[in-house]
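Protein chains in written order, with our numbering: chain A, 2 to 225; chain B, 3 to 120; chain C, 2 to 115. Everything on this sheet refers to the single structure shown next.
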Amino acid sequence: MSGPFDFYAKRPHDHGHEHDHDDHKPESEAEGPPSEFEILSRAMQELLEAKGVVTADQIRRRIELFEEDFPYRGGRVVARAWTDPAFKRRLLEDGRSACAEAGIELEAERLIAVENTPDVHNLIVCTLCSCYPRALLGMPPTWYKSRNYRSRVVFEPRAVLREFGTLLPDHVTVRVHDSNADMRYVVVPMRPKGTENWSEERLAGILTRDTLVGVTVPQVPGKE
Amino acid sequence: MSDMPVNKGPHDIGGESAGPIDTTDHGMKFWEKQANALRSVLSRAGVVKVDELRRAAEGLEQYGKLAYFEVTTSALRVLLLEKGLITEAELKAKMAEVRGRFSVPDEMESPIKKKDKR
Amino acid sequence: MSPDTAAIRSSYAPAPGHRYAVGDRVRIKGVFPPGHRRTPWYIRGKRGVIERICGAFPNPEELAYGFDGEPAKVLYRVRFAQKHVWPGYRGPDHDVIEMEIFEHWLEPDEGEAP
């Protein structure tokens, strides 16, 4: 994962624009020379900014939301479901409505929450592209977007789970959800033993992104 | 022996054999975060639809060879040109300008080779 | 809260005139047209059961080309036994896969249960 960087660092150069770009980062140099795609993306952004279609500020705010806000929401919602059975029921019934109730306004996401039980283990994928509940979980991990995950998890979910270190006995039903149209999914894992009396914040800490997609189950640190 | 898949897009890969999954999350480079934000702003503003972006991605000849953000960036380019929001000439000129800003002296390359890249 | 606010807040939308009910057995049409489709190739022609009615949404097959996708089409979640989707599926018989399918991709499955 890339290191910290300053959003507002500017590389000195002449280009005569009024607005600033947050795109002359020391980090870009540290990451190697820009690819043609990076150049293409920056060029498109600058053209659209110059034409007033988007503003640098809008872009900056979206980056911040994706970094600082979205990734933390999913864990909080599920932690609340773990501590409040009535909320959990509402979350499973209507994910978007329950999130709104919890003060989380999802954007376009029509959320379906699916619950793991001793008999059922849920697993999420989007085989066709990489649909993911971004306003609840932030950006998907690189493996979720990878060809190998997208193609294999639908026909050999148990083998894929093993690659993530998750072993399920045969009596547990594996329920794969291919997120291929308007709905988006989050897994409500089973709450592990040893977390009784934990605060919601502490519970949210073990509800990692991987557990909310279903490739792993929440771990209590210090226990197996 | 199975039939040739009819009208199966390069993105429609559910069920295809593939290798092991790299289960580490490699995060996003800054330009990818920015590209993602650009797409998001444009889609929320109704300038491009998510469905249009997908369709454009699926139509990329290079789809199978490109990484995720290379696909999304290429798809956005297709749409912006298609919708007349930018022109090829503008894009070419702006890319040359952006490329120029990033040029890093490279002792391994001769100046002649560098000029040919433009 | 007004009914409108509740509607916007819901994951689901109304599905007036929906053809199928939860529990109905359906078959995904075994057609392979070109163009932007959100019905994965691997599920074409497969038999499943309606798990949920999601609501009526603008048709992505039209939205993809710049049209408004109206009239909206009813979207369902359909559940399939993995053993009925993949020849030689290696997991237990009770494993399932579920996805969203638009009504125009469905036909009733009236034969004996698979």
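Glycine residues also receive a C-beta, built at the ideal position from the N, C-alpha and C atoms.
Contact between R56(B) and A65(C) holds, since their C-beta atoms are separated by about 7 Å, short of 8 Å. Residues of chain A whose Cβ lies closer than 7 Å to the Cβ of R45(C) do not exist, since the nearest Cβ in that chain is about 13 Å away. A distance below 6 Å between beta-carbons, with the five flanking residues on each side excluded, links V50(B) to the following residues of its chain, in chain order: L44, L81.
Against chain B, the CB of A57(C) has no partner CB under 8 Å away; the residue lies outside that interface. At least one beta carbon of chain A lies nearer than 8 Å to the beta carbon of D27(B). From the beta-carbon of W106(C), no residue of chain A is found nearer than 7 Å; the closest lies around 10 Å away. R39(C) and E92(B) have their C-alpha atoms roughly 34 Å apart.
Against chain C, the CB of R41(B) has no partner CB under 8 Å away; the residue lies outside that interface. Annotation for R159(A): L169, V175 place their beta carbon closer than 8 Å to its own, counting only its chain and skipping 5 residues before and after. In the DSSP assignment, N123(A) forms a beta bridge with R176(A). Scanning its chain for C-beta atoms nearer than 6 Å, with the 5 sequence neighbours on each side dropped, one finds around P12(B) the residues Y65, G66, in chain order. Fewer than three beta-carbon pairs drawn from the region 184-193 of chain A and the region 44-57 of chain A are found closer than 8 Å, and the two stretches are therefore not classed as touching. The beta carbon of E62(C) sits closer than 7 Å to the beta carbons of G36, H37, R38 from its chain, once the five residues preceding and following it are set aside; these are given in chain order. Taking a C-beta cut-off of 9 Å against chain C, the contacting residues of the region 169-197 of chain A are D171, H172, V173, T174, V175, R176, V177, H178, D179, S180, N181, A182, D183, M184, R185, listed in chain order. Per the Cβ contact rule, the region 134-145 of chain A is in contact with the region 65-77 of chain A (3 or more Cβ pairs under 8 Å). Annotation: L40(B) to Y90(C) spans about 41 Å, alpha carbon to alpha carbon. D85(A) has its alpha-carbon roughly 15 Å from the corresponding atom of R203(A). Sequence-distant Cβ neighbours of D69(C) in its own chain, meaning closer than 8 Å and more than five residues away, are P59, E63. For L76(C), there is no enclosing alpha helix (DSSP H); the enclosing beta strand (DSSP E) has its first and last residue at 74-82.
Between E106(A) and R91(A), the CB-CB gap reaches or exceeds 8 Å.
In the three-state scheme derived from DSSP, where H, G and I count as helix and E and B as strand, M45(A) is classed as helix. Contact annotation, W42(C) with D14(B): C-beta distance approximately 5 Å; criterion of less than 8 Å satisfied. Across the region 74-100 of chain C, CB contacts with chain A closer than 8 Å involve L76, R78, Q83, V86, W87, Y90, R91, G92, P93, H95, D96, V97, I98, E99, M100, in sequence order along the chain. Between R80(C) and the set F33(C), R10(C), P115(C), the nearest pair of CA atoms involves P115(C). Burial is judged here by how many other beta carbons sit within 10 angstroms of a residue's own beta carbon; M184(A) has at least 16 and is buried. Excluding residues up to 5 positions away in sequence, V189, L208 lie with their Cβ nearer than 6 Å to the Cβ of V79(A) in the same chain. Your pair I29(C) and R45(C) checks out as a contact, with CB atoms roughly 6 Å apart and the cut at 8 Å.
In this structure, G24(C) is the residue among A73(C), P17(C), G18(C), G24(C) with its C-alpha nearest to the C-alpha of R48(C). If you draw a straight line from the Cα of E157(A) to the Cα of G223(A), it is about 31 Å long. Chain A has no Cβ within less than 8 Å of the Cβ of Y21(C). Taking a Cβ-Cβ cut-off of 7 Å, the neighbours of L41(A) in chain B comprise T75, R79, M97, given in sequence order. In the same chain as A99(A), and ignoring 5 residues on each side of it, the C-beta atoms closer than 7 Å to its own belong to F88, R91, L92, in chain order. C-alpha of G29(B) to C-alpha of E104(C): approximately 38 Å in a straight line. Under the DSSP assignment, P109(C) falls in the beta strand (DSSP E) whose first and last residues are 107-109.
Looking at the DSSP output, I54(C) sits in a beta bridge with Y77(C).
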